[in-house]
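> So that we are looking at the same thing, I have put the structure below in structure tokens.
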Amino acid sequence: MEEKKGITRRDCLKALTAAGGTALVGSAVDAHAYKKFSGWPDRCGMLADTTECVGCRSCEAACNRANRLPAPAVPFDEKSVFEEKRRPTASAYTVVNRYSDTEGTGPPVYRKVQCNHCNEPSCASACPVRAYTKTPEGAVLYNKDLCFGCRYCMVACPFSAPAYDYESALEPRIVKCTLCYERVKKGGIPACAEACPVEAIKFGKRKDLLRLAEARIRKYPDRYIDRIYGEQEVGGTSWLYLSGVPFDRLDFPENLPDKPLVEQTKGFLSAVPLVLVLWPAFLGMAYAATRNKEEDK
Amino acid sequence: MSNESMAKAGTFPSRFMEKLLMGMPLSDYVRTLITPFNVVAMGILSIGIPLIVLRFIDGLAVITHASHDYPWSILLGWGLFSGVPLSATGYIMATAVYIFGFKKYHPLVRLGVLTGFMGYLFAVIYLLIDIGRPWRIYYPMAVSFGPTSVLFLVAWHVALYLTVQLLEFSPAILEWLNSRRVRKWAVMITIGMTVAGVILSTLHQSALGALFLLAPGKVHPLWYSSFLPVFFFVSSIFAGLVMVIAVSTVVARFMRNRADQEFLGSLDPLTVGLGRAASIVMFVYFALKLIGVAHDDNWSLLTTPYGYWFLVEVFLFVLLPGIVLTRGVKRNSARMVRFGAFFALAGVILNRLNVTLITFNWNVPGHLHHLVPPVREVFVVLAIATLHIIIFRWIVNRMPVLKEHPDYREHE
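Protein chains in written order, with the numbering used here: chain P, 1 to 297; chain X, 1001 to 1412.
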């Protein structure tokens, strides 16, 4: 099926190339590709297994070191931070939160929070200056040299991942996980995955990770609930999660559509050119009618 | 070198000074400035302006409650999201008079356009304080384009519309400066600018609602609707109408000496007329809000705490002021219409605060703790609002806004 589609597209492009000038083809290729585009094929991701995580916060420490972030107020081996729910901030790309087992029998569950690097990121579609890029490697990157600090990306992010440097007067910027883009480019793996002592975080091609996650669920049906968070949510994310308890108990948002969020504003934006063209026509007619009435008097 | 002698010399700078001081010698002019209002205003500004300076020394954190979870605080919830619908006055009045031919509302057009222009100007000022690097405000227009963003559209439209409104108001400025020839050109473009104004307003008023379409998991489902752009646009229509009533009420009371007989004499019947139009739009809006609940089948949410709050908004702050306006119109009571207008304004502001702050992130634990703004932020907002009033008053005191300039009576 997949294969067949590809061929039709190629045929179609060939026909277009033959028919049109290069400029026309250029735009046609883009338009066509966009409709069919289901994400960069080799994009990477991370698989986080919440049933494995022991809450040691090594990932937090490694992230802090790798990204040269400011030293934390409480050291990374301090467990008292789990007493409240934390979120990524201007000085921490990632945090781990503890959830006590509500049935009170099992051990607590830990969840790592950071930018999920969506397939079609809402932050990128929200940004009025295109400061965000979804790279073919999977990372969603932010460019501080374009940003003017409107913080619409923070409003738009379904996972509330981006943090903002409210303390900075003149050079505030968005702060968020980069999926260790520079390390990955050099052939390495993200610092958090490297640091994890129990391999609760695994780095790899997203499609491989999905297969791996499915295999784990099949192999240990009692250990996991039958779902991979991030497979479908808002069009899929690079971070994928496995859990033994329902995801909403770990504060994963459960009210998100499966379609990328950019779909929500598409309808509105496509009405814009219509208003631009139709309004002058209607108002012109109304004006002409008024003038006509005056002349009749 | 006293001011009087300068004025008599008749050179350009001296004539300009005379206009600035409204024909008074400087000492007299300064004396007129000592009023109770100005004393209070100075008090507010002397606290608020240093706080605005502080934002550019120590960052936004020192003046607002904005946080990682609530990136937009009252500064934008009030200044931009409430300020823009209340500034729909310009496009509403210009369209009514110039396009649809409601000529009798002519005395209110300039007031409407000025209120709109000032509203947008100050929405931008709130924005410039709030955004991280205000000197990059032109980036969406010149440096990097993000056409998939609704905010990109808002940025362009607000910038263009600010220019359009300045051009729409320019005849008043040019009459004040006695620049007959330029004024003629400015008047010639009235129709074009009016049409441009309606297009731009339709799009960015609705776009302010469409901004939140990207946050389906965050805005409470009773306020999140695919109709958000329509809600914002339709409510901006009646917001503009009732704002004209409200502002004309205030200026007719406090700036009576700047208005001519045509303005003051026609104000009561025109108020009733505007009230009639506003009430009709409000009933349409009320129906739309109910259709919104039906469309998403959210009836069951109405019996939750947020549901009660939703009912308060649409019944007490949309339907009820609509009814007050209708009663006022039926009894031909401008007084009652004015009361209804202020009431309706409160409803518009409540709606915008509900979408941007009160129900935004309703499911985040500890939600609502951020709602009472810190004292510093209140003073920043008060200071900007005070400046807004002072500059508005400065213009109305000098330019023909509430009256026709005797030298330019040729009509239209």
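Built from N, CA and C at the ideal position, the CB exists for glycine as well. Being a predicted model, the structure only gives us computed values, none of them experimental.
Kindly indicate the opening and closing residues of the alpha helix (DSSP H) around residue 1052(X).
Residue 1052(X) -> alpha helix (DSSP H) spans 1036-1058.
> State yes or no: is the C-beta of residue 1441(X) within less than 8 angstroms of the C-beta of residue 1292(X)?
Because chain X in this structure spans residues 1001 to 1412, residue 1441(X) falls outside the shown range and cannot be described.
> Where residue 1319(X) and residue 146(P) are concerned, what is the direct C-alpha to C-alpha distance, given to the nearest angstrom?
Roughly 45 angstroms separates the two Cα atoms.
> Please give the ranges of any beta strand (DSSP E) in the stretch 44-100 of chain P, keeping only runs that are unbroken, at least 3 residues long and fully inside the region.
Listed in chain order, the complete beta strand (DSSP E) runs (minimum 3 residues) inside the stretch 44-100 of chain P are 44-49 and 95-99.
> For residue 1148(X), which of helix, strand or coil comes out of DSSP?
The answer is coil: DSSP assigns residue 1148(X) none of H, G, I, E or B.
> So with CB distances below 7 angstroms, who are the chain P contacts of residue 1139(X)?
Ordered by position in chain P, the residues that pass the 7 angstroms Cβ test against residue 1139(X) are 129, 146 and 148.
> Could you tell me whether the Cβ of residue 247(P) comes closer than 8 angstroms to any Cβ of chain X?
Judged by the 8 angstroms Cβ criterion, residue 247(P) is not in contact with chain X.
> Start and end of the alpha helix (DSSP H) containing residue 1138(X)?
Note, residue 1138(X): premise wrong, no alpha helix (DSSP H); not H, not E.
> Since residue 253(P) meets chain X, which of its residues come closer than 9 angstroms, beta carbon to beta carbon?
Those are 1217, 1218 and 1363, listed as they occur along chain X.
> Is there a Cβ of chain P sitting closer than 8 angstroms to that of residue 1202(X), yes or no?
Yes, residue 1202(X) lies at the interface with chain P (some Cβ there is under 8 angstroms from its Cβ).
> Shorter than 8 angstroms from the beta carbon of residue 167(P) to some beta carbon of chain X?
Yes, residue 167(P) lies at the interface with chain X (some Cβ there is under 8 angstroms from its Cβ).
> Check whether the Cβ atoms of residue 1367(X) and residue 1361(X) lie closer than 8 angstroms to each other.
For residue 1367(X) and residue 1361(X), yes; Cβs fall inside 8 angstroms.
> Please work out which residues of its chain come closer than 8 angstroms, Cβ to Cβ, to residue 1355(X), disregarding the five sequence neighbours upstream and downstream, and give them in chain order.
So the qualifying residues of the chain are 1081, 1209, 1212, 1219, 1223 and 1228.
> With residue 142(P) as the anchor, note down where its beta strand (DSSP E) starts and where it stops.
Residue 142(P) -> beta strand (DSSP E) spans 140-142.
> Compare the C-alpha of residue 1324(X) against each of 1298(X), 1118(X) and 1278(X) and name the closest.
Looking at the Cα atoms, 1278(X) is the closest of the given residues.
> With distance defined between alpha-carbon atoms, name the residue in 1087(X), 1352(X) and 1267(X) nearest to residue 1335(X).
Residue 1335(X) has its Cα closest to that of 1267(X), out of 1087(X), 1352(X) and 1267(X).
> Rounded to whole angstroms, what's the CA-CA distance from residue 244(P) to residue 1348(X)? Just pull it up for me.
Their Cα atoms are separated by approximately 46 angstroms.
> If you count every other CB in all the chains shown that lies within 10 Å of the CB of residue 1206(X), and 16 or more means buried, which is it?
With 16 or more Cβ atoms within 10 Å of its Cβ, residue 1206(X) is classed as buried.
> Along chain P, in chain order, which residues have C-beta atoms closer than 7 angstroms to that of residue 1148(X)?
Ordered by position in chain P, the residues that pass the 7 angstroms Cβ test against residue 1148(X) are 125 and 262.
> Express the C-alpha separation of residue 124(P) and residue 1077(X) in angstroms, rounding to a whole number.
Distance between the alpha carbons of residue 1077(X) and residue 124(P): 23 angstroms.
> So, using beta-carbon positions, are residue 1197(X) and residue 1161(X) closer together than 8 angstroms?
For residue 1197(X) and residue 1161(X), yes; Cβs fall inside 8 angstroms.
> So who's on the other strand from residue 1114(X), going by DSSP bridges?
Looking at the DSSP assignment, residue 1114(X) forms no beta bridge with any residue, so it has no partner.
> Which bits of chain X does residue 287(P) rub up against, with CB to CB less than 9 angstroms?
Ordered by position in chain X, the residues that pass the 9 angstroms Cβ test against residue 287(P) are 1098, 1099, 1100, 1101, 1191, 1194 and 1195.
> Should residue 1280(X) be flagged as near chain P, meaning a C-beta pair shorter than 8 angstroms?
Cβ-Cβ to chain P under 8 angstroms: no for residue 1280(X).
> What are the residues that DSSP puts in a beta bridge with residue 111(P)?
Beta-bridge pairing links residue 111(P) to 97(P).
> Are the beta-carbon atoms of residue 1088(X) and residue 1236(X) separated by less than 8 angstroms?
Yes; because the gap between Cβ atoms is below 8 angstroms, this pair is in contact.
> What is the rounded straight-line gap between the Cα of residue 1056(X) and the Cα of residue 1232(X)?
Roughly 32 angstroms between the two C-alpha positions.
> Which same chain residues end up closer than 6 angstroms to residue 1242(X) when comparing Cβ atoms and leaving out the 5 residues on each side of it in sequence?
Within the same chain, residue 1242(X) has close Cβ partners 1278, 1341, 1344 and 1345.
> Can you grab the Cα-Cα spacing for the pair residue 1114(X) / residue 227(P), in whole Å?
Each residue's Cα considered, the two are about 58 angstroms apart.
> So, with DSSP's three-state summary, where would you put residue 237(P)?
In the structure shown, residue 237(P) sits in a strand (DSSP, three-state: E or B).
> Roughly how many whole angstroms lie between the Cα atoms of residue 280(P) and residue 1195(X)?
Rounded to whole angstroms, residue 280(P) to residue 1195(X) spans 6 angstroms at the Cα level.
> Are the C-beta atoms of residue 1317(X) and some chain P residue less than 8 angstroms apart?
No, because no Cβ of chain P sits closer than 8 angstroms to the Cβ of residue 1317(X).
> If I follow the unbroken beta strand (DSSP E) through residue 132(P), where does it start and stop?
132-134 is the extent of the beta strand (DSSP E) around residue 132(P).
> Exposed or buried, what is residue 1122(X) when buried is set at 16 or more other beta-carbons lying within 10 Å of its beta-carbon?
Label assigned to residue 1122(X): buried.
> Taking the Cβ atom as the reference point for each residue, do residue 50(P) and residue 111(P) lie within a distance shorter than 8 angstroms?
Cβ atoms of residue 50(P) and residue 111(P): closer than 8 angstroms.
> How far does the beta strand (DSSP E) with residue 202(P) in it extend, from its first residue to its last?
201-205 is the extent of the beta strand (DSSP E) around residue 202(P).
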